[in-house]
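Below is one structure, written out as structure tokens; the observations come after it.
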Amino acid sequence: MYKNVEEYLSALKKELKGVDKATLQDALSDAEEHLQTALAADADSLTAIIEEYGTPAETAQAYAEVEKRTAPALTGSQTKKKSSAIGRFFAIYADPRAWGALFYMLIAFITGIVYFTWAITGVSLSLSLSLFIFGFPVALLFLLSVRGIAWLEGRLVEALLGVRMPRRSLPAPKNIKILERIKELLKDKHTWVSILYMFIQFVLGNIYFIIIVTVFAFSLSGIAIPVLQEFFNIPVVQFSHSDYYLPQWEYPLVILAGILLWTAMMHLIKLVGALHGRYAKAMLVAEQD
Amino acid sequence: MPTKKFQKEMNSGTASLVLLSVLSQSEDPMYGYQIGKMLNKNRDIALRMKQGALYPVLRSLEKNALLSSQVEPSVSGPPRRYYQITTEGDETLKEWLEIWQEMKSFVDKTLEGESHV
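Listed in order, the protein sequences are those of chains F and C.
Just so we're aligned: the first sequence equals residues 3 to 291 in the numbering used here.
Just so we're aligned: the second sequence equals residues 292 to 408 in the numbering used here.
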């Protein structure tokens, strides 16, 4: 009945119309995980596996029922978790998403440079060498590498930003001529968007890096001022011959300001990380409907 | 078919209890496919629960903090969500088992006709 997992998923998606967005996401990823795992583990056909798993209608109904039943209990457990505003503000340090986003944004500085260099080199080499016969293998290699990089970046985004990047196994037709394959890759919008992503990543990576380093330095300086003044006798401001020291009563204030600034930054990083994840998904994942 | 509907209701009524106790007995975290396979191993095909119906129950147990989960990549195939029972889940399971025992003996007694006495 269903030729592949994608077909089942889109049928399930249709059946799930009207349920809450998160439930839809859960249902699709559960089904994808189960069917792919079963396909990899069993010798059974997809039809037999679906027979065991349930039709899209049955599965959709199961999610809808559970959602209906658990909604009140869920609101109960949420009120229990509620803590003070200050507690929630500092809870960011225990949030793996925020640290993942921070790490991702720092890495983006490096990957951005690598992507940019690779894309520039690849595009110009492919264009100029296409005058010659041996330009075609070069172009093909470059276009395939773009696919590979898009996939790799997807893994990175999924691991660090927690955005699911569904893996579409790309059908790689064999026994077709290089020229045909290149034509196919060139016609695919996905290739161009991926190259565009590689260029943009360079800009974003730089911006992320500069902002993070600047704010970090600023926060750290706030926290470090008392230590520098008291133990190392380094003034806060130094004009040609006059040193300016911060009065001691201001120490708690600058320390507090430093801590608050970086904590706020962590929230911002988490937010931007989530946005970047959505943008990466839109760019790197071939549309599915 | 009323019998089939009854079977489905029995399955969904006991799913939370069954899943929670499976994960409480298991030492390692388990993923959905593994759990479904284990549960259906010794059951008659007609009595089997659709495996797709297990996942929403797992999700809702997790939302209620009785289970925790973690997505991990697998060697072959897609990443899997591994579920593990929480301390809260273990405590809740104890309460559920008491309810289950009471329910079981009540139903048994009723079926044997003792409740008329």
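In this text, a Cβ means the ideal position worked out from N, Cα and C, and glycines have one as well.
### Task
Count the other CB atoms, across all protein chains shown, that sit within 10 Å of the CB of Phe136(F); report buried if there are 16 or more and exposed otherwise.
exposed
### Message
On the DSSP letters alone, give me the boundaries of the alpha helix (DSSP H) that Gln298(C) sits inside.
### Response
Pro293 to Gln316
#### Entry: Lys203(F), enclosing alpha helix (DSSP H) - first and last residue
This sequence places Gln at residue 203(F); Lys is not what is there. Per DSSP, Gln203(F) belongs to the alpha helix (DSSP H) from Lys191 to Phe233.
### Task
Scan the region 35-46 of chain F for residues whose Cβ lies nearer than 8 Å to a Cβ of chain C and list them as they occur along the chain.
Glu35, His36, Gln38, Thr39, Ala40, Leu41, Ala42 and Ala43
### Task
Please decide whether Gly56(F) counts as near chain C, where near means a Cβ-Cβ distance under 8 Å.
yes
### Message
For Gln417(C), list the residues DSSP reports as bridge partners.
### Response
No answer is possible for residue 417(C): it lies beyond the span of chain C, which begins at 292 and ends at 408.
### Query
Per DSSP, what kind of secondary structure is Asp245(F) in: helix, strand or coil?
strand
### Query
Leaving out five residues before and five after Val362(C) in sequence, what residues of the same chain have Cβ atoms less than 6 Å from its Cβ?
Pro370 and Arg372
### Selection from Met267(F), Val229(F) and Met268(F) that minimises the alpha carbon distance to Glu252(F)
Val229(F)
### Query
Which of the three DSSP states, helix, strand or coil, is assigned to Tyr322(C)?
strand
### Message
Nearest by alpha-carbon distance to Asp22(F): which of Glu69(F), Ser31(F) and Ala42(F) is it?
### Response
Glu69(F)
### Query
Can you round the beta-carbon distance between Leu37(F) and Tyr55(F) to whole angstroms, since I take them to be within the 8 Å contact cut?
7 Å
### Message
Quick check: Leu18(F) and Leu26(F), are their CB atoms within less than 8 Å of each other?
### Response
yes
#### Entry: Own chain partners of Pro139(F) with C-beta closer than 8 Å, once the 5 adjacent residues on each side are dropped
Ile180
### Query
Looking at the structure shown, is Val239(F) part of a helix, part of a strand, or coil, going by DSSP?
strand
#### Entry: Spatially closest choice to Ile202(F) from Ser31(F), Ala24(F), Thr113(F) and Lys16(F), by CA coordinates
Thr113(F)
### Query
By a C-beta neighbour count over all protein chains shown, 10 Å radius and 16 as the cutoff for buried, is Val274(F) buried or exposed?
buried
### Query
Taking all protein chains shown into account, do 16 or more other C-beta atoms lie within 10 angstroms of the C-beta of Lys5(F), making it buried, or fewer, making it exposed?
exposed
### chain F within 8 Å of Arg334(C), Cβ atoms only
no
### Message
Cβ closer than 8 Å: which chain F residues qualify as neighbours of Gln342(C)?
### Response
His36, Glu54, Tyr55 and Gly56
### Query
For a contact meaning CB atoms closer than 8 Å, what does Glu60(F) contact in chain C?
Lys341, Gly343 and Ala344
### C-alpha gap between Ser128(F) and Arg157(F), whole angstroms
27 Å
### Task
Give the secondary structure of Gly327(C) by DSSP, where H, G and I count as helix, E and B as strand, and everything else as coil.
helix
#### Entry: Tyr4(F) in three-state terms, based on DSSP
coil
### Task
Go ahead and pull the three-state DSSP assignment for Thr242(C).
With chain C represented from 292 up to 408, any question about residue 242(C) goes unanswered, as that position is not in the structure.
### Query
What does Ala33(F) touch in chain C if you count any residue whose Cβ is under 9 Å from its own?
Gly343 and Tyr346
### Message
Tell me the rounded alpha-carbon separation between Leu142(F) and Ile197(F).
### Response
14 Å
### Task
Using the Cα positions of Trp101(F) and Met268(F), report the straight-line distance between them to the nearest angstrom.
8 Å
### Residue interval of the alpha helix (DSSP H) (run including Ala344(C))
Element bounds for Ala344(C): n/a, residue is neither H nor E.
### Nearest-angstrom Cα separation, counted from Lys191(F) out to Lys272(F)
30 Å
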